[in-house]
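Every position in the sequence shown, counted from 1, becomes a number in our numbering once 25 is added. Worksheet: one structure, shown below.
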Amino acid sequence: MVGTADPYTSIDTSLLETAFPVSAAIGPQLDDTPAVSAATAERDALAAQVRIEEKRPIPNIGVSVGFRRFQGISDSALVVGLSATIPLFDRNRGAIDAARERTAAADWRLEAARLQSAAARRSALAQVAAAQGRLAAAEQGERAASEAYRLGRIGYSAGRSSLLELLTIRRALGDARSLIIDARLARVRAIAALAQAEGRVAFGD
């Protein structure tokens, strides 16, 4: 993963069996998401350009040093010159205003990135909560199907139910367990989407 000190190549535990409470799936601040970080870097760079343009009207002072030889005599003198460029009329206002407009546009893009990141996170949290609810319902259904199958086996052994009835109950148990697998996969995908929205590694420490 980009931004991590160590390579992230595998997951130590089974994601289908591990519990991920919604309350624990809270990641970093929204300013740490990739989109917001990129927009912030762009805004900061443009703000720095404004400061550069604002400093351009400062007088540019130069120093020159040379030797001058006088005609008619074999003598020379050290000549030191100073020069200064002082902007009286053109104070770089056009470039400063343009840089400020670009910075203002970058501020709007940064705010839009924050709003989009917040919306994506809210949507991902809702998906995680829904997936948790579906998983809880599937697990409850699997427990009921397991109990029905246990009672069905007892009834079949006692001769109170037929083999067809027992097979029907067993098929219902298999369907309930398949629903649990589907619900767990949906939960893993929802938590991964939440991690992506928050700009962090999913299922990391």
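Using N, Cα and C, we set each Cβ at its ideal position, and we do this for glycine too. What you are looking at is a predicted structure, and each value in this text was computed from that prediction instead of being measured.
Whole-number beta carbon distance between residue j and residue i, since they are thought to touch under 8 Å
{"i": "ALA211", "j": "ARG159", "result": "7 Å"}
{"i": "ILE205", "j": "GLU164", "result": "6 Å"}
{"i": "GLU78", "j": "ASN117", "result": "6 Å"}
Separation of residue j from residue i, as counted between CA atoms
{"i": "ILE121", "j": "ALA129", "result": "12 Å"}
{"i": "GLY208", "j": "ALA63", "result": "First, the residue type needs correcting, since residue 208 is Ala and not Gly in the sequence shown. One C-alpha to the other measures close to 35 Å."}
{"i": "TRP133", "j": "ALA144", "result": "16 Å"}
{"i": "ALA123", "j": "LEU135", "result": "18 Å"}
{"i": "ASP69", "j": "ALA131", "result": "9 Å"}
{"i": "ILE179", "j": "GLY199", "result": "18 Å"}
{"i": "LEU219", "j": "SER148", "result": "8 Å"}
{"i": "TYR174", "j": "THR193", "result": "9 Å"}
{"i": "SER186", "j": "ARG146", "result": "52 Å"}
{"i": "GLY184", "j": "ALA162", "result": "32 Å"}
{"i": "ALA155", "j": "SER182", "result": "41 Å"}
{"i": "ARG139", "j": "ARG195", "result": "51 Å"}
Own chain residues within Cβ distance below 6 Å of residue i, not counting five before or after
{"i": "ARG58", "result": "First, the residue type needs correcting, since residue 58 is Thr and not Arg in the sequence shown. Same-chain partners within the cutoff: SER142 and GLY224."}
{"i": "LEU71", "result": "ARG127, THR128 and ALA131"}
From the options, residue whose alpha carbon lies closest to that of residue i
{"i": "GLY197", "options": "ARG168, GLY184, SER187 and ALA220", "result": "The sequence shown places Ala at residue 197, not Gly. Out of ARG168, GLY184, SER187 and ALA220, ARG168 has the C-alpha closest to the C-alpha of ALA197."}
{"i": "LEU189", "options": "ALA70, ARG146 and GLY177", "result": "GLY177"}
{"i": "ALA151", "options": "ALA123, ARG214, SER171 and ARG127", "result": "ARG214"}
{"i": "ALA137", "options": "ALA170, LEU204, VAL61 and ALA218", "result": "VAL61"}
{"i": "GLY119", "options": "ARG81, GLY184 and ALA155", "result": "ARG81"}
For residue i, the three-state DSSP class (helix, strand or coil)
{"i": "THR128", "result": "helix"}
{"i": "SER120", "result": "This sequence places Ala at residue 120; Ser is not what is there. Residue state, collapsed to three classes: helix."}
{"i": "THR65", "result": "helix"}
{"i": "THR58", "result": "coil"}
{"i": "GLY224", "result": "coil"}
{"i": "GLY166", "result": "helix"}
{"i": "ALA183", "result": "coil"}
{"i": "ARG81", "result": "coil"}
7 Å Cβ shell around residue i - same chain, five flanking residues per side excluded
{"i": "ARG202", "result": "GLU167"}
{"i": "ALA227", "result": "ILE216, ALA217 and ALA220"}
{"i": "ALA170", "result": "ALA197, LEU198 and ALA201"}
{"i": "LEU191", "result": "GLY177, ARG178 and TYR181"}
Same chain, Cβ closer than 8 Å to residue i, five either side skipped, listed in chain order
{"i": "ARG125", "result": "VAL75"}
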